[in-house]
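Residue numbers (the UniProt record's numbering): 1 to 406.
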């Protein structure tokens, strides 16, 4: 995560979590976020921000969890953002079973990240996601009486899930029509151009201190010369301080300028390389399409390719519907039984003979959600709990509670 400092203030900043790509998810939950969202709307989606970070990159939580047998991530509302980012990173670096549990109040909230959850589960076989839609708040973007909690509970679990799937599909089609740029693909952000950190930062600061001391010694020597005998001592002290500041600021400014130009050069090289790769891919796709069409019957070739594209799109849409349905079926208009879900998450994990499973639970969300997990897992005399899963399998849970909300 990092701290965002919007155009509203030069000093006030707010924490935000990265979700894999370089974009941020903000929920209107107070004055600061409300004003930032308002400014973005007034700027037609363009908003200048200053960033302070990155934090949680080196020796982060994901690296600390690699020695566990499994990880359970629980998110409440917008609190799922860091959980999704960690789930993706965990699945990339190892084959550890990862379970993501997400509780939301509305279908509208679920729609925001439904595509990402589908994409993650397609990419990683060791990721399992479940979503509970409690329907405990009015829907801001759906005018459908069937989405009222009392009406949804009258339907079967299958009918509930199917109706939610149709609502999500209709919303996405409408969103794409009114926001063509929503399908714009952005390149994945990487920390290739890092700021001053570690040893390099220490070297820069050490040289700055050396130059400052050198300037101080130089001015002190000058003040002892005969030409400075009549100069007031206070003026000499001010001159000493001024020289120290000038030397330090000059060196730091020079170091920043060098780093900036090197980063700009590297950025240009990376941009050229990326554009070259995109151009090569386009040429390759054109060659493949030309080779796949017969000159004697180009019309039938076009129809064949078009039919294949349509069939592929229908198959992908059907798979997406199945993913959504599997995540939400039986989880509409209710809250999860976390004890049952924690036990269920261990069933997919392999257990060595005589070895207790060791799992980590991380949560981000409202205080009541954290308290609920805390009451299940944390025992006052012991920060973990043993859960008997039958067949001689013991699960050893450890709950990591992070103060995600500042």
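C-beta: ideal position from N, C-alpha, C; glycine also. Just so you know, these numbers come straight off a predicted model, no measurement behind them.
Can you give the beta carbon distance from residue i to residue j, rounded, assuming they're within the 8 Å contact cut?
i: residue 74; j: residue 101; result: 5 Å
i: residue 62; j: residue 93; result: 7 Å
i: residue 130; j: residue 327; result: 6 Å
i: residue 333; j: residue 134; result: 7 Å
Could you give the distance in angstroms between the alpha-carbon of residue i and the alpha-carbon of residue j?
i: residue 364; j: residue 159; result: 30 Å
i: residue 342; j: residue 132; result: 15 Å
i: residue 37; j: residue 28; result: 7 Å
i: residue 338; j: residue 33; result: 31 Å
i: residue 371; j: residue 98; result: 22 Å
i: residue 375; j: residue 127; result: 26 Å
i: residue 81; j: residue 368; result: 18 Å
i: residue 222; j: residue 31; result: 56 Å
i: residue 150; j: residue 139; result: 14 Å
i: residue 202; j: residue 357; result: 43 Å
i: residue 244; j: residue 216; result: 6 Å
i: residue 360; j: residue 77; result: 21 Å
i: residue 224; j: residue 48; result: 52 Å
i: residue 205; j: residue 220; result: 22 Å
i: residue 262; j: residue 208; result: 20 Å
i: residue 407; j: residue 242; result: There is no way to answer for residue 407, as the model of the chain reaches only from 1 to 406.
i: residue 84; j: residue 373; result: 19 Å
i: residue 46; j: residue 211; result: 42 Å
i: residue 115; j: residue 106; result: 16 Å
i: residue 44; j: residue 329; result: 37 Å
i: residue 162; j: residue 325; result: 7 Å
i: residue 136; j: residue 259; result: 51 Å
i: residue 168; j: residue 248; result: 58 Å
i: residue 322; j: residue 164; result: 12 Å
i: residue 312; j: residue 35; result: Reliability fails at residue 312, whose pLDDT of 48 lies under 50, so the model's placement of it is uncertain and no value is given.
i: residue 246; j: residue 72; result: 53 Å
i: residue 346; j: residue 144; result: 38 Å
i: residue 385; j: residue 377; result: For residue 385, the predicted structure reports a pLDDT of 48, less than 50, and the residue's modelled location is therefore unreliable. A value from the coordinates is still provided. The alpha-carbon atoms of residue 385 and residue 377 are separated by roughly 6 Å.
How should residue i be labelled, buried or exposed, when 16 other C-beta atoms within 10 angstroms of its C-beta is the threshold for buried?
i: residue 331; result: buried
i: residue 154; result: exposed
i: residue 250; result: exposed
i: residue 213; result: exposed
i: residue 336; result: buried
i: residue 70; result: buried
i: residue 108; result: buried
i: residue 362; result: buried
i: residue 352; result: At residue 352, the pLDDT of 48 sits below 50, so the modelled position is not reliable and the matter cannot be decided from this model.
i: residue 253; result: exposed
i: residue 320; result: buried
i: residue 104; result: buried
i: residue 178; result: For residue 178, the predicted model reports a pLDDT of 44, less than 50, meaning its position is unreliable; a value from the coordinates is still stated below. Exposed.
### Task
Go through the UniProt domain "Ferric reductase NAD binding" (70-171) residue by residue and report every complete run of the beta strand (DSSP E) that reaches 3 residues or more, in order.
70-76, 98-104, 127-133
### the region 112-129 / the region 76-90 touching (three or more Cβ pairs under 8 Å)
yes
### Message
Pairs of beta-carbons, one from the region 61-81 and one from the region 38-48, closer than 8 Å: are there three or more?
### Response
no
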